[in-house]
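K.L.:
Starting off with a structure, shown below.
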Amino acid sequence: MQRFQSLTKPMRCRPRSTRSICSSAPNHDTDRKILSLTLTEARAALTEGRVTAVELTESSLRQIERLGALNALVSVRDTEQLLDEAADADRRRLQLQRDGCVVPALLGVPLTLKDNWCTAGLRTTCASRMLEDFVPNYDATVSERLKAAGGLLLGKTNMDEFGMGSSSRWTPFGAVCNPWSASTGPQARTAGGSSGGSACAVAARMCFASVGSDTGGSVRQPAAMCGVVGLKPSYGTVSRYGLVAYASSLDTPGVIARTVADAMIVFDAIAGHDPRDSTSVAADEYPPPRPASSSASKRRLRIGVPKEYHVAELDAAVLAAWHAGAAAFEAHGAELVEISLPHTALALPAYYILAPAEAFSNLARYDGIRYGLRGHGATAEAMRSDARRRGFGAEVQRRLGLGSFVLGRRAVDSYYHKALDIRRRVVQDFDNAFSLAGVDAVLTPTTPFTSGVLDAGTDSTLDDYVQDVMTIPASLAGLPAISIPTQMSKSAADGTPMPL
Amino acid sequence: MQHLASCRRAAAIAAGHNCSVSQWPIRSLQRRTLTAPAAASWQPVIGLEVHAHLATNSKLFSDAAAAAEAAGAPANTTVAMFDAALPGTLPVLNAASVDLAIRAGLAVQATVNRRSSFDRKHYFYPDLPHGFQITQYYAPVVSNGHLDVPTAAGGTRRIRIARMQLELDSGKSQHYEQHGGQTLIDLNRAGAGMLEIVSEPDIRSSDEAAAYVKKLQHLLRHVGVCHGNMELGEMRVDVNVSLNRTDQPGVRCEIKNINSVRNVARAIEHEIERQAALLLSGQKIFRETRAFDAARGVTVPMRSKEDEVDYRFMPEPDLPVLIITESRIETARGGMPELPDVLRSRLQSEYGLLPADAALLVDQHVAGYFEQVARPGDGKRAAAWILNDLLGLLNEHGEELQGCPVTPTRLRDLLDLIDTGYISNAAAKQVLHLMYSGNREAPRAIVDSLALAMNSAEDQLASLCDDVCAKHPDSVRKVQAGNLRVLSFLVGQVMKSCPSANPALVTTEMKKRLTAPS
């Protein structure tokens, strides 16, 4: 587990004038101290009055400015507005604490949202030229709930266009650089994708947590690449209302944060049934909240290690980390069991049939007529084609073509319906593991190899796809999954995180 | 509202009575001659797809108002975010729509499927915001029903209904030649819930097709599923026509978006002629989609079904499988009005009505009103007054029964006054007119205030008769000569001059005067 600088002594803070950010010189030391707090620690500090929301916000904003070259954010909200909100949060906290009332879980905590979450009045681009100037007139449920919990939205993070990609380079706003890279520019390492901006922002301490979306690994994989925690909860536990759809049956809102505890705080704030999302899990099906501290339970945790995950692409260092992780669990009293998930190898191609098919469908609405990039043409068809040709990037166009093909009359049985069948079998595999083999969880690496160089020079599209091999099965099955950073790789010149 | 005479014909047919084809609206002789030789060797095979807008308050998957066109809403004012396919929006199923679909299924003795699901049907058109229509391709909500329609030969034919599926309507495009050929899109209708009702190709003639559509339209109105006003776009019909011969199966052509019952018949007739003409001259018929040009009465090509659009059907991932429980079906069954056939017979038996009148009451959707007015065993007067006088007034003013100031209770009170001899028929008609025009007093009060109570005072009647006889000496002579029909005329004249006169006594009085042995 990557160790963060911890606070050695409590900070003494007095509420300052909200306008002072402009006048006082940026204090790197103060910022470092503040930004090294985890969300949990920041909350405690706010409660105890050791820090204010204004200070958290100011530090975060300065960090965003400092690290602009990482391209983590697409839009940053107005400073004045944010500081006003932060000051309000501080006042509200004092009031509530005085009155002995419950303080909203995220009051005053600076957060970011991936740019495919609709935020009323704030540009939502999905990293696409098609929606470059799109300003939604409504808030996604997640946006609403974060607001209701008192969170401060700093801005929207960069991503792969419409969620399609594993590198966050399919974006008109500049590829996201991994904050662990030695440099930015062509030799920079990828932050992963598609929620690369969110992962980078959290890892580079521009915000205390971020909410992204995970379709085939888009929260877990970038979190892994950036050495932070990426949580993809069960499909249906967090509402997709207001999430610009890529693949509806796979898209799952996910949380990126520095610790597991942080991630759970944000998850608890956004999860829950939403009648506006018909795939949202009903209230009475929702599991009861888990105990705050997972003290040693009566029986041993059984952890399954699937043998099929020893794929050819698996990096030696990653394999070593996997073993180390398993050993660590064992040392803590868990029971390790080898399990078999026989259809693992088929999951990746099945995903790359199902997801593009749904993408083809979900992106059919972008014709530039009601919103988005307006095309030029003498006929409606011409207008539509022009808008889509200019508005969609190369990767999106690739996947739309793929989706169109696999749903076509001649191909649908051999491709799409077969992929649906494989999906059922993957679900069955997990069912068997959980019920027959009796495991509580499955332990695998998040990605087969560590963060690669952004501009590798080779045609790395298929390599990108292969990255998802570890994360995809849980996506197909709708299962909850979490990526936890373990150790830094020693092999590469610049160490990169290797998570499980 | 139709002309009452044709209503009665229609009622007679619906009641299963023989009705010779010549009583139907006039067809051109030319058409008859052309189809005659064709009919000898080729059999028309016709299937219909009826799209009926569901009579719910909001649309199928959003909370925007459903009946925009009927309400005359300005363009693009009843559009929810989902209807415009804004990014991030999701469909939420309108439960009332499902209940209506269940009702429609029960009304045609169909199976309501416990499990059904939604699918996406993709095609690109500016008035289809999502780029796909949400429909039920793989597993519709209703299957295997039927509707019996009269045949030309005088019997009935059972038309099987293959399926009923819930689906969305698209918006509307309006093309303008000026302004450089602009097309304007109105999304008011986008997302409105429809039930697509698909028949098996069991229909054999244009008359049967028209009868099927009319019966379906009436049935859907009767059970409250669809208001059925085709001129408002609440229902439209696609027709599939082919000409088959035992040795040569036909090629099917589809005619889309027909918006009236009459046009259904006309379109089919023209299509049969067109196909017959091609076959007679030895040419091939191509599978295609055609439109009906109502002005010219012909079908015209729209697009070829050979290079058919590939709809790329895909299960709708944003909606779970629709599970309909037994109890939900039973609740729907319990909430349904009696089906028309059952209702017709019951009205006849319970109220002593003629079949034609019972049929007409059901046909005109006034049976419920009737039952609140009539008393068991004694429905004839109520039926007559409702069918002739009340409907006559409504027709004249182009108004609906809903909201009419003549409530069932008041009408019954009025009819009671006639029954007890308090007023005459003629006076009652006058009172009805007043009630209809907005007089809110009780019928008896109106009668009294206008002194319309039947006047049976013999001396007054006598003087009235004298006055009328004095004015119409010719008629008097005719009656005296033995022409008793003119007597009614004279009585009528007395009634006209004094509506409160007791017509029976007037008649007696007149007879006394004019047929007295001279």
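In the order they appear, the protein sequences are chains A and U. So in this note's numbering, spot 306 of the first sequence is number 730, and the numbers just go up one at a time. So in this note's numbering, spot 435 of the second sequence is number 452, and the numbers just go up one at a time. Glycine is no exception: its CB is placed at the ideal position from the N, C-alpha and C atoms.
If distances are taken between C-alpha atoms only, which option among R848(A), D855(A), D853(A), I777(A) comes closest to G825(A)?
P.N.:
Distance check between G825(A) and each of R848(A), D855(A), D853(A), I777(A) places I777(A) closest, using alpha-carbon atoms only.
K.L.:
Would you kindly check if the distance between the Cβ of S552(A) and the Cβ of G792(A) is under 8 Å?
P.N.:
no
K.L.:
Which residues does DSSP pair with Q60(U) in a beta bridge?
P.N.:
N261(U)
K.L.:
Establish whether the CB of I793(A) and some CB of chain U are separated by less than 8 Å.
P.N.:
yes
K.L.:
In angstroms with no decimal places, state the Cα-to-Cα distance between F558(A) and A564(A).
P.N.:
14 Å
K.L.:
Taking Cβ-Cβ distances shorter than 9 Å, what residues in chain A pair up with G105(U)?
P.N.:
Neighbours of G105(U) on chain A, chain order: N540, W541, C542, T548, P560, Y562, A564, R664, Y665, G666, L667, V668, A669.
K.L.:
My assumption, with CB atoms under 8 Å, is that R253(U) sits in contact with H68(U). Please give the rounded CB distance.
P.N.:
5 Å
K.L.:
In this structure, how does DSSP classify Q47(U) when only helix, strand and coil are distinguished?
P.N.:
Its pLDDT being 39, under 50, Q47(U) is placed unreliably by the model, and the measurement read from it follows with that caveat. DSSP places Q47(U) in helix when its eight states are reduced to three.
K.L.:
Tell me the residue span of the beta strand (DSSP E) that contains E217(U).
P.N.:
No beta strand (DSSP E) holds E217(U); DSSP gives it neither H nor E.
K.L.:
Which residues in chain U sit within 7 Å of G609(A), going by Cβ to Cβ distance?
P.N.:
Those do not exist, as G609(A) stays about 33 Å from chain U at its closest Cβ, beyond 7 Å.
K.L.:
Taking only the alpha-carbon atoms, compute the straight-line gap between N74(U) and G640(A) and give it to the nearest angstrom.
P.N.:
40 Å
K.L.:
Does the CB of R700(A) have a neighbour CB from chain U at under 8 Å?
P.N.:
Taking a beta-carbon distance threshold of 8 Å, R700(A) counts as an interface residue toward chain U.
K.L.:
Anyone know if the C-beta pair for A453(A) and V478(A) falls short of 8 Å?
P.N.:
According to the sequence as given, residue 453(A) is Asp; it is not Ala. No. Outside cutoff.
K.L.:
Can you tell me whether N442(U) is helix, strand or coil according to DSSP?
P.N.:
helix
K.L.:
Under DSSP, the alpha helix (DSSP H) around A932(A) begins and ends at which residues?
P.N.:
Any question about residue 932(A) goes unanswered here, given that chain A covers just 425 to 924.
K.L.:
Please report the distance separating the alpha-carbon of I220(U) from that of R329(U).
P.N.:
30 Å
K.L.:
On the CB-based measure, 16 or more other CB atoms within 10 Å of its CB, does H450(U) come out buried or exposed?
P.N.:
Here H450(U) is exposed, its C-beta having fewer than 16 other C-beta atoms within 10 Å.
K.L.:
Comparing alpha-carbon positions, which option in S473(U), G267(U), G420(U) lies nearest Q300(U)?
P.N.:
G267(U)
K.L.:
Under the assumption that G654(A) contacts I896(A) (Cβ atoms under 8 Å), give the Cβ distance between them as a whole number of angstroms.
P.N.:
The Cβ separation is near 14 Å, so there is no contact.
K.L.:
Taking 8 Å as the CB-CB cut-off, is A53(U) touching chain A?
P.N.:
Unreliable positioning characterises A53(U) in this predicted model, as indicated by a pLDDT of 47, which lies under 50. The coordinate reading is nonetheless provided below. Closer than 8 Å: no.
K.L.:
Under the three-state reduction of DSSP, which class applies to T532(U): helix, strand or coil?
P.N.:
In the structure shown, T532(U) sits in coil (DSSP, three-state: anything other than H, G, I, E or B).
K.L.:
For L555(A) and chain U, any beta-carbon pair shorter than 8 Å?
P.N.:
yes
K.L.:
Using 8 Å as the threshold, is the C-beta distance between S637(A) and G678(A) below it?
P.N.:
yes
K.L.:
Less than 8 Å between the beta carbons of N582(A) and S591(A), yes or no?
P.N.:
no
K.L.:
Is H841(A) close to chain U, meaning its C-beta is less than 8 Å from at least one C-beta of that chain?
P.N.:
No, H841(A) lies away from the interface with chain U (no Cβ there is under 8 Å from its Cβ).
K.L.:
By the criterion of Cβ-Cβ separation under 9 Å, what are the contact partners of G146(U) in chain A?
P.N.:
Looking at the sequence shown, residue 146(U) is not Gly but Pro. Going along chain A in sequence order, the residues near P146(U) (Cβ under 9 Å) are R789, D791, I793, R794.
K.L.:
Under the DSSP definition of a beta bridge, which residues are partnered with I202(U)?
P.N.:
S190(U)
K.L.:
Does chain A have any CB closer than 8 Å to the CB of V109(U)?
P.N.:
Output row for V109(U): interface = yes.
K.L.:
Sort L772(A), W604(A), G587(A), V729(A) by Cα distance to G749(A) and report the nearest one.
P.N.:
V729(A)
K.L.:
Is there a Cβ from chain A that is less than 8 Å from the Cβ of A92(U)?
P.N.:
no
K.L.:
What residue does the alpha helix (DSSP H) around F691(A) start on, and which one ends it?
P.N.:
684-694
K.L.:
Would you identify the three-state DSSP class for W604(A), choosing helix, strand or coil?
P.N.:
coil
K.L.:
Please report how far the alpha carbon of D512(A) lies from the alpha carbon of A681(A), in whole angstroms.
P.N.:
Distance from the CA of D512(A) to the CA of A681(A), rounded to the nearest whole angstrom, comes to 24 Å.
K.L.:
Indicate the three-state DSSP secondary structure (helix, strand or coil) for K76(U) in the structure shown.
P.N.:
coil
K.L.:
For a contact defined as C-beta to C-beta under 7 Å, what are the partners of S785(A) on chain U?
P.N.:
R137, H139, F149, M331
K.L.:
Excluding the 5 residues flanking V890(A) on each side, which residues of the same chain have their C-beta closer than 8 Å to its C-beta?
P.N.:
E737, L772, P872
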